[in-house]
Amino acid sequence: MQKTYLNFEQGTIVIADILFSEQIGVKRRPVLVISNTAFNQLSDDMLVLKITSADKKTEYDVNLKNEDLEEGKLKTNSFIMTDFIATIQKNLVTEGIGKISDKKLYEVKQKIKELFDL
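Structure representation (structure tokens):
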């Protein structure tokens, strides 16, 4: 995916420059766009979830494999950290990786509901 063709649909995986929690320095990492597509079309910002290849840390991490993608490919099996929600500006996105399946997106949304006790 090229940056010019990214439409930031919910469920899209992108590479973005994310600020460290101390707000000093950035790290380029994969994230999952979780804000809805309508919001993403109107705003310069979007909500994302961190994706990591490190071992599962909490019950809120969702396993992510290449089979879970409708488009694109992961370098390695990973976890979507539903307890790491960030608001980023779209201009921090450097490239697109792919899009998760509707089934995996539903699983992510269920974990977020559990996290917030909705």
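If you're matching positions, the sequence shown starts at 1346 in this note's numbering and goes up one per residue. Positions of the beta carbon are idealized from the N, C-alpha and C atoms, including for glycine.
With respect to the beta strand (DSSP E) encompassing I1445, which residues constitute its N-terminal and C-terminal limits? V1438 to I1445
What are the start and end residues of the beta strand (DSSP E) that includes N1385? Run containing N1385: none in the beta strand (DSSP E); it sits in the alpha helix (DSSP H), T1382 to L1387.
Note down, in chain order, each residue of its chain lying with its Cβ closer than 7 Å to the Cβ of N1411, except the 5 sequence neighbours on either side. K1418 and L1419
Pick out whichever of Q1355, K1401, G1443 and L1409 has its Cα sitting closest to the Cα of M1391. Q1355
Secondary structure of K1348, DSSP reduced to three states: Interpretation of K1348 is limited by its pLDDT of 43, a score under 50 that renders its predicted location unreliable; no figure is taken from the coordinates.
Cβ shell of T1349 (< 8 Å), same chain only, five flanking positions each side left out: The pLDDT assigned to T1349 is 36, lower than 50, so where the model puts this residue is not dependable, and the model offers no usable value.
Which word fits S1369, buried or exposed, when buried means at least 16 other C-beta atoms lie within 10 angstroms of its C-beta? At residue 1369 the sequence reads Ile, which differs from the Ser that was named. Burial call: exposed.
Reference S1446, options F1429, I1379, V1371 and K1395, closest by Cα: I1379
Below 8 Å, can you find three or more Cβ-Cβ pairs linking the segment 1424–1436 to the segment 1453–1460? yes
What span of residues does the beta strand (DSSP E) with I1396 cover, start to end? D1390 to T1397
In terms of DSSP beta bridges, what is G1417 paired with? G1443
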